[in-house]
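Asks: Once you've had a glance at the structure underneath, I'll fire off some questions.
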Amino acid sequence: MKKGFRTAILLVTCVTCIFNYSADARNPKLDRTSTADRLTTLAASDRRVIERAVHTRGRMQLVVRNNGTFGSEGEPVLDPITGSYVQACIYPKNSDLIYLWVCALWVGAVVGRDTIVSTGAEDLYCSYEMWPDIPPFGEMKFETIDPTSPNYSEDAYSEEDIICYYTDTSTNPALVNSDYCDDPTPHVPLNIKATQRSMAWSYDYADDFILFDYKVENIGNETLEDVYMGIWLDGCVFHQSLQDIEYWTDDIVGFYRTHPSADGCGFIDTINIAYHADNDGEPVDGRWTEKSPLSVVGVRVVRTPSDSLNYSFNWWIMNWTDVTRDFGPRLRGTPEDPFRDFGVRMGTPAGDHNKYYVMRHKEFDYDLMYTAVDHTAEGFLPPPEYAETYAKGFDVRYIMSFGPFTIDPGEKLPISLAWVGGENFHVNPNDFDSFDPYHPSIFYNKLDFSSLATNSRWASWIYDNPGVDTDGDGDSGKHHVCCSDTTVTDTGLVFGICDTTWYEGDGVPDFRGASPPPAPEFWVEPQLGSLRIRFNGLRSETEADRFSGLVDFEGYRVYIGRDDRLQSYSIIASYDRENFSKYVYDHARLAWSVSDLPFTRSELQALYGDPAGIENFNPTSYSAVNPYFHPYYRDSVFYFVTQDFNRAEFGVTTPIRRIYPDQPYPSTLNADDAQPEELTEDGYLKYFEYEFIIEDLLPTVPYYINVTAFDFGSPEIGLSALETSVLNGAQVAYPLTSVEEVEENDLKVYVYPNPYRIDADYDGLGYENRHGILSEDRMRRLHFANLPPVCKIYIYSLDGDLVREIGHNYPEGGPEAMHDTWDLITRNTQAAVTGLYYWVVESEQGTQMGKFVIIK
Numbered sequence: 028m029k030k031g032f033r034t035a036i037l038l039v040t041c042v043t044c045i046f047n048y049s050a051d052a053r054n055p056k057l058d059r060t061s062t063a064d065r066l067t068t069l070a071a072s073d074r075r076v077i078e079r080a081v082h083t084r085g086r087m088q089l090v091v092r093n094n095g096t097f098g099s100e101g102e103p104v105l106d107p108i109t110g111s112y113v114q115a116c117i118y119p120k121n122s123d124l125i126y127l128w129v130c131a132l133w134v135g136a137v138v139g140r141d142t143i144v145s146t147g148a149e150d151l152y153c154s155y156e157m158w159p160d161i162p163p164f165g166e167m168k169f170e171t172i173d174p175t176s177p178n179y180s181e182d183a184y185s186e187e188d189i190i191c192y193y194t195d196t197s198t199n200p201a202l203v204n205s206d207y208c209d210d211p212t213p214h215v216p217l218n219i220k221a222t223q224r225s226m227a228w229s230y231d232y233a234d235d236f237i238l239f240d241y242k243v244e245n246i247g248n249e250t251l252e253d254v255y256m257g258i259w260l261d262g263c264v265f266h267q268s269l270q271d272i273e274y275w276t277d278d279i280v281g282f283y284r285t286h287p288s289a290d291g292c293g294f295i296d297t298i299n300i301a302y303h304a305d306n307d308g309e310p311v312d313g314r315w316t317e318k319s320p321l322s323v324v325g326v327r328v329v330r331t332p333s334d335s336l337n338y339s340f341n342w343w344i345m346n347w348t349d350v351t352r353d354f355g356p357r358l359r360g361t362p363e364d365p366f367r368d369f370g371v372r373m374g375t376p377a378g379d380h381n382k383y384y385v386m387r388h389k390e391f392d393y394d395l396m397y398t399a400v401d402h403t404a405e406g407f408l409p410p411p412e413y414a415e416t417y418a419k420g421f422d423v424r425y426i427m428s429f430g431p432f433t434i435d436p437g438e439k440l441p442i443s444l445a446w447v448g449g450e451n452f453h454v455n456p457n458d459f460d461s462f463d464p465y466h467p468s469i470f471y472n473k474l475d476f477s478s479l480a481t482n483s484r485w486a487s488w489i490y491d492n493p494g495v496d497t498d499g500d501g502d503s504g505k506h507h508v509c510c511s512d513t514t515v516t517d518t519g520l521v522f523g524i525c526d527t528t529w530y531e532g533d534g535v536p537d538f539r540g541a542s543p544p545p546a547p548e549f550w551v552e553p554q555l556g557s558l559r560i561r562f563n564g565l566r567s568e569t570e571a572d573r574f575s576g577l578v579d580f581e582g583y584r585v586y587i588g589r590d591d592r593l594q595s596y597s598i599i600a601s602y603d604r605e606n607f608s609k610y611v612y613d614h615a616r617l618a619w620s621v622s623d624l625p626f627t628r629s630e631l632q633a634l635y636g637d638p639a640g641i642e643n644f645n646p647t648s649y650s651a652v653n654p655y656f657h658p659y660y661r662d663s664v665f666y667f668v669t670q671d672f673n674r675a676e677f678g679v680t681t682p683i684r685r686i687y688p689d690q691p692y693p694s695t696l697n698a699d700d701a702q703p704e705e706l707t708e709d710g711y712l713k714y715f716e717y718e719f720i721i722e723d724l725l726p727t728v729p730y731y732i733n734v735t736a737f738d739f740g741s742p743e744i745g746l747s748a749l750e751t752s753v754l755n756g757a758q759v760a761y762p763l764t765s766v767e768e769v770e771e772n773d774l775k776v777y778v779y780p781n782p783y784r785i786d787a788d789y790d791g792l793g794y795e796n797r798h799g800i801l802s803e804d805r806m807r808r809l810h811f812a813n814l815p816p817v818c819k820i821y822i823y824s825l826d827g828d829l830v831r832e833i834g835h836n837y838p839e840g841g842p843e844a845m846h847d848t849w850d851l852i853t854r855n856t857q858a859a860v861t862g863l864y865y866w867v868v869e870s871e872q873g874t875q876m877g878k879f880v881i882i883k
């Protein structure tokens, strides 16, 4: 069954939150009635609907909303594709590591003589000033470049475009109450409308970031002068199962400007990304665990309306119980730029005037971990009283802002930013143990920004493709050349290499990149102790890359895992075409380069074998050290590299085999026009049908299966082979008796483990709670096997009381159609007690009964 692109569209409702503290009631992280519950009441009064959708395509799961924010303020949002709840930002995907509370757009301007700032959300969570229109006009829209999706659109940029619209025009007090926490001034609109498009990809080089593109329009009658825009963030980094306040109040923030370029030759990449992360990665007993948040996440601006803008980066610590401890770095005042008093708070800019001051004030704060270091020589105030404590990590916010510019009535200004993640930021579990607030560079220098820098670079390249003249004016951007010398070694002549790298585009947005072939459609057929994987590669092998226009299919890989995290998957089988990349020596540039598509062995034999005078031409005999010199054209020098591993013999060098090995290439690629003998029973072209059987599996545990497709990359532009996502589209299956065999042989339902023993340590043995996020009473699983595809499961106590009812509904079959589980939680949400229980399965085939025992 083909899945379309779906989303969670919800009224802002009271969702049971994972936080349950009885601390300071003014802190919305501790008392959720100040945010979600209040918004529910307010939204109903004006019929406004805040929708929420989840980006899940790449390795970053991110909640976006149509009110100028992304993130979820601690509320889990249902992802209808996986059926699970997703927090504000999970990175990497399915890791349950949270990297965000909420992020919001701020827009400030001078209108007449008034200074106004409109915010999607703000520090005290008292005022929300951007709202979608009344439905259906304010509803989210969804587009994708996937032609098989019902949301396919020629206007889409990514595999997962989410588009929304919102304005700051409402003055209804029920919606935009005054900022009553610190500033009683009613909301005054700027009269702006923001069109927001967020984009996500699953490609290997683009799956660690999400791009946001904004069009900010002046829909009022007055010119907006000295406009500044900002991205405000309230982070929070912790594992979902670690709900204590100590785990999300120890974050660090900062601004990372440059990073050594991967191109070498001393080149430096401009990164300019505001980042936040956990302070130490949460090691346990000197080692990392699956609950350790080792990554870093940040915001990078990739497009503004003008190149000549002022940028600011400011952070501050909001202290809820003692405003005298509120702090943020502040520059000392000068006669030309007097110090602005924020009132009772030192760092938090409450109210429009203070917010606008921070956004337009050209100030770049030092990183949080440098708080205890004296920065007075740079113009900052002395370190605060609690500098040592702050430097070690805190609950902190930041805003990255830029401007000024003018927006005339009816004018739209474009803004683009990237939400970027980087793994392995924390390197050694013991690095933070010796953190010295007065010498933070010792620890800072041990942090690894390389992944964040690489992903940030790719985000800017997807926005504006380097070396691509998008508008056809002859400008392809900027490049640099890095060369190595030609040397003579004991093994021969080693030619120098000059690499030309385009590092900047032409300034015209592209929002696209090279893509892998579409993943094959596949099916998992359970058998007792094994799984048969069948897949059809029509689209994989015939569709052209949207970016290059080439059909660049190279091969398939079959993955198996015990849970849905990327690190749990392993390649169990692969196939790739036998072909070779040809590297030609450029005498002018003194460099090897690839300009042709990969060649097959027979093509190379035809080119360089007989009659050229070389028998049994073997491409792998030549290398950069021992290149091939053409016998007739001595200036033609090249060598060959295998493209992947050339596992191309079905059933011989690869365990994958063709289901119909004698089937000729089809007369048409359109199954509707094909001849009957060219089609399978379910209407697929036989020529592209493959299978692989995974044997010797444990029947009683689930396995995650996926089949990916990959291409041969673009060596001439330095892009390695691209592969479809290992996580997207994965299927879960138990290697149990298939539904067909159950029905044909009238096999009976059974339950396992029976008895269920609490002391059996199923968790420790890996049979339950693979993610380690469920509580002891919520992780248990009793399994029902040999189920009819559609049935009801009833569980009764020995006294005949109904304990739980489970609906099992797989009318179209599938790998889970004969299996289901019970979490040992009763219909009254209580843990089942020790005792004997009866189960009843009712279906159209009849009624079956049995019993099991729970031993605690």
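Just add 27 to wherever you are in the sequence shown, counting from 1, and you've got our numbering. For each residue, glycine too, the CB sits at the ideal point set by N, CA and C.
Between residue 447 and residue 479, how many whole angstroms is the CB-CB distance? I'm expecting something under 8 Å.
Replies: Contact flag correct, Cβ pair sits at about 6 Å.
Asks: Residue 220: which of 684, 196, 598 and 320 sits nearest, CA to CA?
Replies: For the residues 684, 196, 598 and 320, the minimum Cα distance to residue 220 belongs to 196.
Asks: Secondary structure at residue 852, three-state DSSP: helix, strand or coil?
Replies: In the structure shown, residue 852 sits in a strand (DSSP, three-state: E or B).
Asks: Per DSSP, residue 279 forms a beta bridge with which residues?
Replies: Partner(s): 304.
Asks: Using a Cβ-Cβ cutoff of less than 7 Å, which residues in the same chain neighbour residue 288 once the five nearest sequence positions on both sides are dropped?
Replies: Only 294, 295 and 296 meet the Cβ criterion.
Asks: Of the residues 717, 679 and 568, which one's Cα is nearest the Cα of residue 690?
Replies: That would be 717, whose Cα lies nearest to the Cα of residue 690.
Asks: With C-beta atoms as the reference, is residue 760 less than 8 Å away from residue 720?
Replies: No, the pair does not count as a contact, with Cβ atoms beyond the cut-off.
Asks: Would you mind sorting residue 876 into buried or exposed? The rule is 16 or more other CB atoms within 10 Å of its CB.
Replies: Residue 876 should be labelled exposed.
Asks: Using the C-alpha atoms, what's the distance from residue 407 back to residue 281?
Replies: C-alpha separation (whole angstroms): 16 Å.
Asks: Out of 307, 176, 249 and 171, which one is the CA nearest neighbour of residue 9?
Replies: Lying outside 28 to 883, the shown extent of the chain, residue 9 is not represented and no answer is given.
Asks: For residue 834, which of 246, 854, 825 and 686 has the nearest alpha-carbon?
Replies: Ranking 246, 854, 825 and 686 by Cα distance to residue 834 puts 854 first.
Asks: Run through DSSP, which three-state label would residue 82 get?
Replies: Strand at residue 82.
Asks: Residue 829: which of 317, 820 and 836 sits nearest, CA to CA?
Replies: The option with the nearest alpha carbon to residue 829 is 820.
Asks: Just tell me which of 841, 593, 530 and 97 has its CA closest to the CA of residue 262.
Replies: Among 841, 593, 530 and 97, the Cα nearest to that of residue 262 belongs to 97.
Asks: With C-beta atoms as the reference, is residue 647 less than 8 Å away from residue 669?
Replies: Yes, they are a contact pair.
Asks: Using the Cβ count rule (16 or more neighbours within 10 Å means buried), how would you classify residue 882?
Replies: The residue is exposed, with fewer than 16 neighbouring Cβ atoms inside 10 Å.
Asks: How would you call residue 505, buried or exposed, if buried means at least 16 neighbouring beta carbons within 10 angstroms?
Replies: By the neighbour-count rule (16 or more Cβ atoms within 10 Å), residue 505 is not buried but exposed.
Asks: Quick check on DSSP: helix, strand or coil for residue 77?
Replies: Coil, per DSSP.
Asks: Looking only at its own chain, which residues have a Cβ that is under 7 Å from the Cβ of residue 673, when we skip the five neighbours before and after it?
Replies: The residues are 603 and 605.
Asks: Would residue 430 pass as a contact of residue 144 if the rule is Cβ separation under 8 Å?
Replies: The answer is no: Cβ separation not under 8 Å.
Asks: Starting from the N-terminal side, write out each stretch of the alpha helix (DSSP H) that is 4 residues or longer and does not extend beyond the region 346-417.
Replies: With a minimum length of 4 residues, the continuous alpha helix (DSSP H) runs that stay inside the region 346-417 are 379-387.
Asks: Could you check what DSSP says for residue 488 in three-state terms: helix, strand or coil?
Replies: Reduced to three states, the DSSP call for residue 488 is helix.
Asks: Apart from the five residues just before and just after residue 53, which ones in its own chain have a Cβ nearer than 7 Å to its Cβ?
Replies: Only weak support exists for where residue 53 lies, its pLDDT of 45 falling under 50; the coordinates are left without a value.
Asks: Start and end of the beta strand (DSSP E) containing residue 554?
Replies: Per DSSP, residue 554 belongs to the beta strand (DSSP E) from 548-554.
Asks: Would you decide whether residue 379 is buried or exposed? Buried here means 16 or more other CB atoms lie within 10 Å of its CB.
Replies: With 16 or more other Cβ atoms within 10 Å, it is buried.
Asks: Assuming contact is defined by CB atoms lying nearer than 8 Å, are residue 729 and residue 551 in contact in what I supplied?
Replies: No, these two residues do not count as a Cβ contact at 8 Å.
Asks: One question on the structure: do residue 278 and residue 420 come within less than 8 Å of each other, judged by their Cβ atoms?
Replies: Closer than 8 Å, so yes.
Asks: Among residues of its own chain, excluding the 5 on either side of residue 38, which ones have a beta-carbon nearer than 6 Å to its beta-carbon?
Replies: Because residue 38 carries a pLDDT of 31, less than 50, the predicted location of this residue cannot be relied on, and the following value inherits that uncertainty. Closer than 6 Å at the Cβ level, and outside the excluded window around residue 38, lie 76.
Asks: What's the C-alpha gap between residue 69 and residue 155?
Replies: Any reading at residue 69 must be qualified, since the residue scores a pLDDT of 49, below 50, and its modelled position is unreliable; the value itself is stated next. Rounded to the nearest angstrom, the two C-alpha atoms are 10 Å apart.
Asks: Tell me residue 287's beta-bridge partners as DSSP assigns them.
Replies: Bridge partners of residue 287: 295.
Asks: Out of 469, 440, 416 and 484, which one is the CA nearest neighbour of residue 449?
Replies: Ranking the options by Cα distance to residue 449, first place goes to 484.
Asks: For my contact list, residue 776 and residue 811 are in at a C-beta cut-off of 8 Å; report their separation, rounded to the angstrom.
Replies: That pair is a contact at about 6 Å.
Asks: For residue 88 versus residue 130, is the C-beta distance shorter than 8 Å?
Replies: No, the Cβ-Cβ distance between residue 88 and residue 130 is not below 8 Å.
Asks: Helix, strand or coil, according to DSSP, for residue 733 in the structure here?
Replies: DSSP places residue 733 in strand when its eight states are reduced to three.
Asks: Enumerate, from N- to C-terminal direction, the unbroken alpha helix (DSSP H) stretches of 4 or more residues contained entirely within the region 410-486.
Replies: Listed in chain order, the complete alpha helix (DSSP H) runs (minimum 4 residues) inside the region 410-486 are 414-418 and 468-471.
Asks: Taking only runs of the alpha helix (DSSP H) that begin and end inside the region 663-744, which ones reach a length of at least 4 residues, in chain order?
Replies: Counting only runs of 4 or more, we get nothing.
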